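**Q** Just passing along the structure, written as structure tokens.
Number of protein chains: 2
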Amino acid sequence: MTDDDVVYIGNKPVMNYVLAVVTQFNNGASEVTIKARGRAISRAVDVAEVSRNRFLPNVEVKDIRISTEKIESDRGESNVSSMEILIG
Amino acid sequence: MTDDDVVYIGNKPVMNYVLAVVTQFNNGASEVTIKARGRAISRAVDVAEVSRNRFLPNVEVKDIRISTEKIESDRGESNVSSMEILIG
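In the order they appear, the protein sequences are chains A and B.
Using full-length UniProt numbering, read the first sequence as starting at 1 and increasing by one per residue.
Using full-length UniProt numbering, read the second sequence as starting at 1 and increasing by one per residue.
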């Protein structure tokens with residue numbers, strides 16, 4: 001899997017990321033990983049669900065992983081949850 | 001699995017739900033399901049991660065499922081993403 005097959009979820013509207021996911025599949029990707037951290041995790045689930053239900057009926061959720069990442073900031077180190085959703 | 005082994009995530013602080021999860025295991029549950037909808041999904045991942053990393057080192061994430069639920073409201077029907085995290 002190359003980096004091209006990863007969609008990172010930020011603060012933009014859900015449909016922006018859905019478009020990115022659908023574009024990856026249209027460009028020949030067999031699998032796409034949707035990655036998010038912190039509050040964007042809820043949006044990542046929306047992106048996966050909207051992509052599958054509206055645009056990619058033959059695509060399934062293959063794997064979902066959650067983990068904890070350490071983030072360095074001005075106020076020191078803190079933990080943030082992260083999630084990866086593999087669809088294909 | 002009985003209803004007692006489910007922790008529903010709402011808008012309270014993460015540690016409230018972590019306490020609920022840890023209590024279930026201390027009361028003899030072998031598995032606990034953490035359920036959330038919409039924006040609470042991010043918090044559900046925090047609850048699973050904090051529970052495992054700080055309090056339940058032998059507990060693993062066994063399954064994560066995402067789905068879409070239809071919600072009836074005054075303004076009609078709308079879709080909301082939901083997630084279930086099974087740990088044990």
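Idealized CB from N, CA, C, for every residue including glycine.
Note that this is a predicted model, so its numbers are computed, not measured.
So which residues of chain B does D46 of chain A contact, with C-beta pairs closer than 7 Å?
**A** Indexing the first sequence from 1 puts residue 46 of chain A at position 46. Here the neighbours are S81.
**Q** Determine the DSSP secondary structure at N11 of chain B, reduced to helix, strand or coil.
**A** Indexing the second sequence from 1 puts residue 11 of chain B at position 11. Residue state, collapsed to three classes: coil.
**Q** I want to verify the contact list: residues of chain B whose CB lies under 7 Å from the CB of T23 of chain A, in sequence order.
**A** Against the first sequence, residue 23 of chain A aligns to sequence position 23. In chain order: nothing, as chain B lies at least about 21 Å away.
**Q** Pull out every residue of the UniProt domain "DNA/RNA-binding protein Alba-like" (6-68) of chain B whose Cβ sits closer than 7 Å to any Cβ of chain A, in chain order.
**A** The UniProt domain "DNA/RNA-binding protein Alba-like" (6-68) of chain B vs chain A, Cβ under 7 Å: G38, R39, I41, S42, V45, D46, A48, E49, N53, V61, I64, I66 and T68.
**Q** Between Y17 of chain B and V7 of chain B, which are expected to be in contact by the criterion C-beta below 8 Å, what is the C-beta distance as a whole number of angstroms?
**A** As a position in the second sequence, residue 17 of chain B is number 17, starting the count at 1. As a position in the second sequence, residue 7 of chain B is number 7, starting the count at 1. Confirmed, about 6 Å.
**Q** Where does the unbroken beta strand (DSSP E) through S78 of chain B begin, and where does it stop?
**A** Counting from 1 along the second sequence, the entry for residue 78 of chain B is found at position 78. Start and end: G76 to I87.
**Q** If you drop the 5 nearest sequence neighbours on each side, which residues of the same chain put their C-beta closer than 8 Å to that of M1 of chain B?
**A** In the second sequence, residue 1 of chain B corresponds to position 1, counting from 1. Reliability of the predicted coordinates at M1 of chain B is poor, the pLDDT of 48 falling under 50, and no value is obtained from them.
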